[in-house]
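Which chain is which? The protein sequence lines are A and B, in order.
So in the working numbering, spot 33 of the first sequence is number 33, and the numbers just go up one at a time.
Take any residue in the second sequence, note its place counting from 1, add 1000, and you have its number in the working numbering.
For glycine and all other residues, C-beta sits at the position ideal for the given N, C-alpha and C.
Keep in mind the model is a prediction, meaning the values are calculated, not measured.
For reference, the structure discussed in these notes is given below.
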Amino acid sequence: MAQRLIAWIDQRFPLTSFIKRELTDYLTPRNLSYWWNFGFLAGFLLMLQIISGVFLAMHYKPDVNLAFDSVQHIMREVNYGWLIRYLHSTGASAFFVVVYIHMARTLYYGSYRAPRELMWWSGQVLLILLMASAFMGYLLPWGQMSYWGAQVITSLFGATPLIGDEIVLWLRGDFVVGDATLNRFFALHYLVPFFIVGMVIIHLVALHHVKSSNPSGINLADKDNIPFHPYFTAKDLFGLGVFLIIFCGFVFFAPEFFIEAANNIPANPLQTPPHIVPEWYFLPFYTILRAIPDTLGGVVAMGLSILIFAAMPFLDRSRIPGGARFRPFYRAMFYIFMVDVAVLAYVGSQPPGGLTFKIGVAATVIYFAAFLTLPFLSRWEERWLRARGLPPALQALLDSETEPKPRREAR
Amino acid sequence: MAEDEGVDEKRRDFLLTVTGTVGVAGIAAACWPFISSMNPTLDVQTQSNTEVDLSGVAAGATRTVAWRGKPVFVVHRTPQQIAAMAQSAGGKDPAPDQARVQEPQWLVVVGICTHLGCVPNKTEEGWLCPCHGSVFDNSGRVLQGPAPRNLEVPPYHFAATDKIVIG
Ligand code: FES
């Protein structure tokens, strides 16, 4: 019976062949480490956020007079409302943790390089959509931090030359963040995930076209590839189990860990809290914004600090495969960059002031310098590695790659 | 005849450009109502006036009122403050104090930091913005920090000696 049903479907829809091509026969490098788990975890969190979000929306009221109380209503009176809300709020932070690790893995192993540029760029779009969604979602509880975060971030658009004030007014639909703003943020917060799902599909189609990268950085021989299912479904699910232990630890034992205390005070448009900080996942970018004394300059620098990742395939000019593992200087730079981002995040969490400000400026300079020196460093590093002698197989691989483009070398 | 000689490429290009342009303009025009719907609604635009009774504000005190949802600081300045303000020209965005007040003892400014929109906190010397540390004096002029402009003076007039109408 089941077989007849599948045969019936297969005549009309490529079900079996699709599963075969994308899962049971889809070849995956067998040397993938657990760092390759995080894309799957991000997909899981996307589902978790959509599902928990839909159920929250059944009880939430996007109205300045009702929003704060409706969140309290969810917490106190809705059956399991506390659980659904904490899953959603912790899920947002976990989403960024997972996505940032996923990006760090891509940077470390050089997975952004040809032919995976479109994966990197679609991922970049996903990051920006995720940030937009997180930012708008953060306004919805209508606490003090929600309110002033939105007030400050929408004010950033006021730095636009000539029409800044009109743009801010248009974004808010009011002279300050108000009822119109809350309503539209709710609508858009519900909309953006659809774009994210669409972009994820593009991301996955590209992945299945170019296949996964792997720690060695070179395409493996056929015998070193194994089917995605069952091997990597099992590995991904095991990783998910480990992730869920940590995640549930936060949800059940420290649910307020990621929630600013000031957000338990209803929004007051006449009083800014003494110390406002953005959510942790925006802190490095917030520091870059503050490091530049000019508003427009700060906004441009902050935008660039996110967009500059897209240039990585062009900035990295080394052809040594395998990313940081086989490239000592790139590796050093990777770790410096990670430390620098951590410093930026710390500075962002501190009140504005003398010494932290100076550290923030220095860290901002290092942040951009890391990208801008990469073209030179990567070139020089490649020469250095070649001079010290590459393994013969790798040498042969690189030589065969350069042959079709002799003009490049001539320049 | 043109039909015999094949296609008139120039004409075809012209038609393509014209239809393309009209099509794009049409789509852009169709977007406008949606974009415009996000601007402040009529009821938001019309909540324009706020009356403030000044009689209860002692010298040296500040009253914060909401005007169009924005905080407005109404400060009853002391003679010392007035004298100090008359002497300085401000900081980054110099402006004489007389140009910023109608009656020297009453300073009326919009309580929104011109940097990124936080509400500055009152201090002895003026205001300090908690968000990124801009400092304003008792005339609402920016002295330090990232704020590019002085606190805005809203349109207002005295309806009586102890009553102003903002807006
Ligand atoms: S908002 Fe006041 S200093 Fe930035």
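Alpha-carbon spacing of P1168/B relative to E77/A, whole angstroms: Nothing about residue 1168/B can be reported from this structure: the residues present for chain B run from 1001 to 1167 only.
For K235/A, does the three-state DSSP call read helix, strand or coil? helix
Distance cutoff 8 Å, beta carbons only. Does Q271/A sit that close to anything in chain B? yes
CA-CA distance, L130/A and A2/A? When rounded, the distance between both Cα atoms is 40 Å.
For a cutoff of 8 Å on Cβ pairs, would you count Q151/A as touching chain B? It does; some Cβ of chain B falls within 8 Å.
Just checking: is the beta-carbon of S349/A within a distance shorter than 8 Å of some beta-carbon in chain B? It does not: the Cβ of S349/A has no partner Cβ on chain B nearer than 8 Å.
Contacts of W148/A in chain B (Cβ-Cβ under 7 Å): C1118
Quick one: give me the first and last residue of the alpha helix (DSSP H) that F1034/B is part of. E1009 to S1036 is the span of the alpha helix (DSSP H), which, as asked, contains F1034/B.
Buried or exposed, going by whether 16 or more other CB atoms sit within 10 Å of the CB of M58/A? exposed
Status (buried if at least 16 other CB within 10 Å, exposed otherwise) for E1005/B: exposed
To the nearest angstrom, how far is it from the Cα of V365/A to the Cα of R331/A? Their Cα atoms are separated by approximately 19 Å.
Threshold first: 4 residues or longer. Then list the alpha helix (DSSP H) segments lying entirely within the segment 87 to 148 of chain A, N to C. 117 to 139
With respect to the beta strand (DSSP E) encompassing H1137/B, which residues constitute its N-terminal and C-terminal limits? Note that residue 1137/B corresponds to Asp in the displayed sequence, not to His. Residues V1135 to D1137.
Of all the CB atoms in chain A, is at least one closer than 8 Å to the CB of N1039/B? yes
Kindly list the residues whose CB is nearer than 6 Å to the CB of V1135/B, restricted to its own chain and excluding five residues on each side of it in sequence; keep chain order. Only L1128, L1143, Q1144 and G1145 meet the Cβ criterion.
Helix, strand or coil: which one does DSSP assign to Q1081/B? helix
Can you have a look at A114/A and say buried or exposed, based on whether 16 or more other CB atoms are within 10 angstroms of its CB? exposed
Does DSSP put R379/A in a helix, a strand or coil? helix
In chain order, what residues of the same chain lie with their CB nearer than 7 Å to the CB of R116/A, ignoring the 5 residues before and after it? V210 and S213
At least three beta-carbon pairs within less than 8 Å, the segment 129 to 144 of chain A to the segment 185 to 193 of chain A: yes
Would a check of beta-carbon distances place V176/A closer than 8 Å to chain B? Against chain B, the CB of V176/A has a partner CB under 8 Å away; the residue lies at that interface.
Can you give, in chain order, each stretch of the beta strand (DSSP E) that sits fully within the segment 1093 to 1135 of chain B and has at least 3 residues? 1106 to 1110 and 1126 to 1128
Measure the C-alpha to C-alpha separation of M256/A and W82/A and round it to an integer number of angstroms. Correcting the residue type first, residue 256/A is Glu in the shown sequence and not Met. Cα to Cα, E256/A sits roughly 11 Å from W82/A.
N- and C-terminal bounds of the alpha helix (DSSP H) containing D179/A: D179 to V210
D179/A: which of I128/A, D69/A, Q144/A and V64/A sits nearest, CA to CA? V64/A
Just checking G53/A against the ligand FES - is the residue's beta carbon closer than 7 Å to any of the ligand's heavy atoms? no
Okay, do the segment 159 to 179 of chain A and the segment 281 to 293 of chain A touch, 3+ Cβ pairs below 8 Å being the bar? Too few Cβ pairs lie closer than 8 Å, so no.
Compare the beta carbon distance of S1055/B and R1100/B with 8 Å and say whether it is the shorter of the two. no
Of all the CB atoms in chain B, is at least one closer than 8 Å to the CB of I202/A? Not an interface residue.
Below 8 Å on the Cβ atoms is my guess for Q144/A versus A262/A; work out the distance and round it to an integer in Å. The C-beta distance from Q144/A to A262/A rounds to 5 Å, short enough to fall under 8 Å.
Mind pulling the alpha helix (DSSP H) runs of 4 or more residues that sit fully within the segment 34 to 65 of chain A? 38 to 57
Identify, in the order they occur along the chain, each residue of the same chain with its Cβ nearer than 6 Å to the Cβ of Q1081/B, setting aside the five sequence neighbours on each side. These residues qualify, in order along the chain: N1138.
Excluding sequence positions up to five away, which residues of its chain have a Cβ less than 6 Å from the Cβ of T160/A? Cβ neighbours of T160/A beyond the five flanking positions: I167.
Beta carbons nearer than 8 Å to chain A: which residues of the segment 1054 to 1069 of chain B have them? T1064, A1066, R1068 and G1069
Are the C-beta atoms of P1044/B and some chain A residue less than 8 Å apart? Contrary to the premise, residue 1044/B reads as Val rather than Pro in this sequence. Yes, V1044/B lies at the interface with chain A (some Cβ there is under 8 Å from its Cβ).
Quick check: does the Cβ of C248/A come within less than 7 Å of any heavy atom belonging to the ligand FES? False, no ligand heavy atom lies under 7 Å from that Cβ.
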